[in-house]
Amino acid sequence: MRIPFITNWVQRRKLQAEIRHLALHAFYHSLDEIDALEALLEVERRKAMEAEVQARVTAQTHRALNCAVAQFAEVFDNSLSAVHQADGLTYAEVSALSALLAAAGRPDAGELWMKCHEMANQADKPEDSDDIEEAEVIGA
0 MRIPFITNWV QRRKLQAEIR HLALHAFYHS LDEIDALEAL LEVERRKAME AEVQARVTAQ
60 THRALNCAVA QFAEVFDNSL SAVHQADGLT YAEVSALSAL LAAAGRPDAG ELWMKCHEMA
120 NQADKPEDSD DIEEAEVIGA
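Using numbering that gives the first Met the number 0, the first residue of the sequence shown is number 0, and each one after it goes up by one.
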């Protein structure tokens with residue numbers, strides 16, 4: 000037998016309990032999502048802080064490197080040094096020195112070092128070296 004007033008009341012109570020249960024479930028689920036998002040946000044904050052520290056270190060390194068290159072260029076942009084020391088260096092060493100001077104904004108100094116090295120190598124090579132090589136091949 001069905002009593003209309005009590006049956007409706009029981010059904011409403013049941014629905015209210017289900018709604019409360021679903022609302023609590025949704026609330027706790029949203030709290031879990033908020034916790035997960037906060038953890039993710041914290042990880043991203045740490046990454047951003049580490050990137051900022053790395054950027055500062057890189058900037059300091061670049062400043063130090065630029066100062067060192069400028070000082071190097073200042074010292075090696077010297078024609079007397081090029082004339083007296085280029086002959087004691089290998090081609091690779093002079094080429095690297097020339098490239099560094101050019102990168103430092105002193106391409107003329109780099110070219111001077113290359114020319115001095117070439118002139119020193121030409122002075123060391125005997126002018127009749129081709130004749131000597133031919134004589135050795137012939138067996139004279």
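The beta-carbon is built from N, C-alpha and C at its ideal position, and this holds for glycine as well. The structure presented is a predicted model; accordingly, all values stated were derived computationally and were not measured.
Presumed contact (8 Å Cβ cut-off) between residue i and residue j, rounded CB distance
i: tryptophan 112; j: alanine 91; result: Their Cβ separation, rounded to whole angstroms, is 13 Å, which puts tryptophan 112 and alanine 91 out of contact at 8 Å.
Best match in the options for proximity to residue i [C-alpha to C-alpha]
i: glycine 87; options: Cys115, Arg19, Ala98; result: Cys115
i: glycine 109; options: Glu117, Leu99, Arg12; result: Leu99
Proximity below 8 Å, CB of residue i to CB of residue j
i: alanine 85; j: alanine 119; result: yes
i: valine 68; j: alanine 103; result: yes
i: histidine 72; j: arginine 105; result: Histidine is not the amino acid found at residue 72; the sequence shown has alanine there. Contact: yes.
Beta carbon proximity, residue i to chain E, threshold 8 Å
i: serine 29; result: Of the protein chains in this structure there is only one, and it is not chain E.
| alpha helix (DSSP H) runs wholly inside the region 20–84, at least 4 long, in chain order | 78–84
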